[in-house]
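For the sequence shown, counting from 1, position 265 maps to 265 in the UniProt record's numbering; every step adds exactly one.
The structure under discussion appears below in the form of structure tokens.
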Amino acid sequence: MSADRREALRVVPPTRARLVDLFLAVVSGYAAWLLASEITQALPPATRWTAHVLAVLHGGVVALRRMAPLPCLGGLLGTAAAFGLVLRLPVYMLGPAVLFVAYALGSEFPRRRAAVLLGCTEVALVLLLALSAGFPGWDSVVLFAALVAAAWFLGTLARRWQNLARESAERASELEQARNELARHAVAAERLRIARELHDVVAHSMSVIAMHAGAARLAVGKKPEQELAALDVIERASREALAEMRRLVTVLRDEDAGAAARGPAPGVAELHTLVSRVVEAGVTVDVRTEGDLEHVPAGVSLAAYRVVQEALTNVVRHAGATRARLEVQAGAQLLAIRVEDDGAATGWKPAATSGGGHGAIGMRERLELYGGTVSAGPRTGGGWCVEARLPYVTGDR
């Protein structure tokens, strides 16, 4: 809501404010009743009772000063006019109610409109004082007008404070909403990170386990040696996956403690571990490395490790290949990776495929963090090829 719109609206006062207005109305009416009793003692009974009724009404309209400021002002000036011009009684004795209503004019209306209403009220009061009986003198008139203006000014200050408090509350609410939105984004980002890590840690081992479990089932009772070998690979892969899961849980529970518990993150220097698992799964892997892999920055090295892990996992899982080739070349400012196989050209499954594609998306996002690129597609002569390029600055660890 704009500031102008807020200025144009009046909020119905709460119960406490209404009780205050009712109390002020009772006080104003009672004071006017007492003053009317004093100045009408020598007047006829009809005039006395009329003066008392007007005095009570004059004070009573104060109860409406915040709920209906304009009708309240009209009632105030109307009763004062009847009191001074019809009954020919002094109007200055009705002053307290005027001060209360002047305060409401300043607090309930925008400054410009409130100033216009104050001016009209001041002119009307001066005319009533000048035309009614018992004119108190211009010094008293000026003093009374100054008191009315002071009450109005206090009302404008109160309105300004209320607007500031309202705007502060709105800003606090907006900040709270922004914090909640950031928290939701942070939770979503963390869930995505956990999903990536779970895939990276578990997918490779699960693929090896699934392959050898199938081989063991076929070898039951027929080839005991092959059965035992498959079970040995399954046991070793399961233990490695369990250890990785434990390290991941430790990291997720306490990032600082987890960093110490898990030790160095894997990198291109540990690619032989991945290759050995693929070889155990029955795929021959030729490995060729160039350059100094030890000096590749840790973040780039981990991203490259995950790319190779995903590519070799898909060789085992989808390609049906018997032979694969891994090339890693570390230049002065670029790490190049190439993984190709002789299997069916199935490649990475798209994200829309049920249960697949998360690794491919995760790899692309990982590489984008370092300004890298990855591409995958069928190669000439059959099979599939995955290529990744990761730029880096030597010494950025």
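Ideal Cβ positions, reconstructed from N, Cα and C, are used throughout, including at glycine.
Predicted model, so just to flag it, every value in this text is computed and none were measured.
In the DSSP assignment, Arg-288 forms a beta bridge with Glu-327. Restricting attention to alpha helix (DSSP H) runs no shorter than 4 residues, the region 83-157 encloses them at 95-108, 111-131, ordered along the chain. Contact between the region 39-50 and the region 16-25 is not established, with fewer than three Cβ pairs separated by less than 8 Å. The C-beta distance from Gly-155 to Tyr-103 rounds to 4 Å, short enough to fall under 8 Å. Where Gly-377 is concerned, the enclosing beta strand (DSSP E) starts and stops at 373-378. Scanning its chain for C-beta atoms nearer than 7 Å, with the 5 sequence neighbours on each side dropped, one finds around Val-208 the residues Val-233, Ala-237, Arg-277, Glu-280, Ala-281, Val-316, in chain order.
Cβ-Cβ distances below 6 Å link Glu-387 to Arg-338, Ser-375 in the same chain, with the five nearest sequence neighbours on each side left out; the list follows chain order.
Taking 8 Å as the upper bound for CB-CB distance, Val-27 and Leu-99 are not in contact here, some 12 Å apart. Inclusion of Ala-97 and Val-142 in the CB contact set at 9 Å is not warranted, their separation being larger than that value. By the criterion of a C-beta distance shorter than 7 Å, Arg-48 is surrounded in its chain by Thr-40, once the five residues flanking it on both sides are discounted. Spanning the alpha carbons of Ala-311 and Ala-213 requires a straight line of approximately 21 Å. For the options Leu-85, Val-101, Leu-54, Leu-57, the alpha carbon positioned closest to that of Leu-73 is the one of Val-101.
Under the three-state reduction of DSSP, Val-386 is assigned to strand. Ranking Gly-291, His-295, Gln-329, Asp-292 by CA distance to the CA of Val-308 puts Gln-329 first.
A distance below 9 Å separates the beta carbons of Asp-286 and Arg-325. When secondary structure is reduced to three states using DSSP, Leu-43 falls in the coil class, being assigned neither helix nor strand. In terms of Cβ geometry, Glu-327 and Gly-383 do not form a close pair [threshold 9 Å].
Taking the Cα positions, Arg-66 is about 12 Å away from Thr-15.
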